[in-house]
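What follows is a single structure, written as structure tokens, with notes after it.
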Amino acid sequence: MAKKKTRSTRRTATPASPKGGVDKQGSADKSAAKSPEAKKAGKRVKKAASKKAAGKKAAAKGQAKASKRAGRRRADWKHTTYAAIETWRKANHMAKYRMAELLGISNGTYHNWASGRAVPSLSTQRKIKAVISAPATSAARPASAASASPRAAGSAGAPRASETLRAATELVNTYLQTHPGKLSPDRFTSLVREVLGAVS
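For the sequence shown, our numbering assigns the number 80 to the initial residue and increments by one for each residue that follows.
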């Protein structure tokens, strides 16, 4: 009986894996990536990217503000002029800070008008025109002072006079009680005047 011929198969040997099944080249690459130099380089790249993004954001924000300022309507001297304000102020012998008080603005704002760095709004210009068009006797006072009527001033002064008189009376009575029979009419009048002068 003839023997059957069997076909032999040759197996190609596969290269043995390194210890632990990890490629040496891959391990070296990972080790290099974890090195301090690589970490520093990565941080530098991230920082540069962050700065670039922040710069773009700031530039866009600044451009938006510039566009807003450009689109905003700038006020001009229409109802009056700074020269007219200064002419009125000098004619009334008024200091600049007093003029600022009269117009209800800060001293810095008044100086900004003078230097041209700022211009009052149109509504403010109308108010200024009303002030400098009024007679000096009534206009050259701050709004708070102008609003106080003579009657209000009198009513405010009345309690003060009453308190002064009461204090003088108490002082004179105390003196009379402590010095009985030692005060002539002239001396009494003089004492009252001294006391009133001291407490008024």
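Note that CB positions come from ideal geometry on N, CA and C, so glycine has one too.
Measure the Cβ-Cβ separation of residue i and residue j and say whether it is below 9 angstroms.
i: Tyr189; j: Lys175; result: yes
i: Ser200; j: Ala154; result: yes
i: Ala213; j: Tyr161; result: no
Just checking my contact of residue i with residue j at CB under 8 angstroms: how many whole Å lie between their CB atoms?
i: Ala179; j: Asn186; result: 5 angstroms
i: Trp167; j: Val198; result: With a Cβ gap of about 18 angstroms, Trp167 and Val198 do not count as contacting.
i: His158; j: Arg196; result: With a Cβ gap of about 20 angstroms, His158 and Arg196 do not count as contacting.
On a Cα-Cα basis, can you pick out the residue from the options that is closest to residue i?
i: Ser202; options: Leu182, Trp167, Gly134; result: Leu182
i: Met173; options: Asn191, Ala139, Ile211; result: Ile211
Measuring straight from C-alpha to C-alpha, what distance separates residue i and residue j?
i: Gly141; j: Lys130; result: 16 angstroms
i: Pro229; j: Glu165; result: Per-residue confidence for Pro229 stands at a pLDDT of 42, beneath the threshold of 50, marking its modelled position as unreliable; no derived number is given.
i: Gly280; j: Ala127; result: No answer is possible for residue 280: it lies beyond the span of the chain, which begins at 80 and ends at 279.
i: Pro115; j: Lys122; result: 11 angstroms
i: Ile207; j: Ile184; result: 11 angstroms
i: Ala117; j: Val124; result: 11 angstroms
i: Ser226; j: Arg177; result: Because the pLDDT of Ser226 is 42, which lies under 50, any placement of that residue in the model is unreliable, and the number read from its coordinates should be weighed accordingly. Their backbone Cα atoms lie some 17 angstroms apart in a straight line.
i: Ala138; j: Ala209; result: 44 angstroms
i: Glu273; j: Asn191; result: 52 angstroms
i: Lys144; j: Ala132; result: 19 angstroms
i: Lys136; j: Ala120; result: 25 angstroms
Answer yes or no: the CB of residue i versus the heavy atoms of the ligand GTP, is any distance below 8 angstroms?
i: Asn186; result: Of the ligands one can find in the structure shown there are none, so the ligand GTP has no counterpart to examine.
Does residue i get closer than 9 angstroms to chain D when you measure Cβ to Cβ?
i: Ala163; result: Structure shown: chain D not included; a single protein chain is present.
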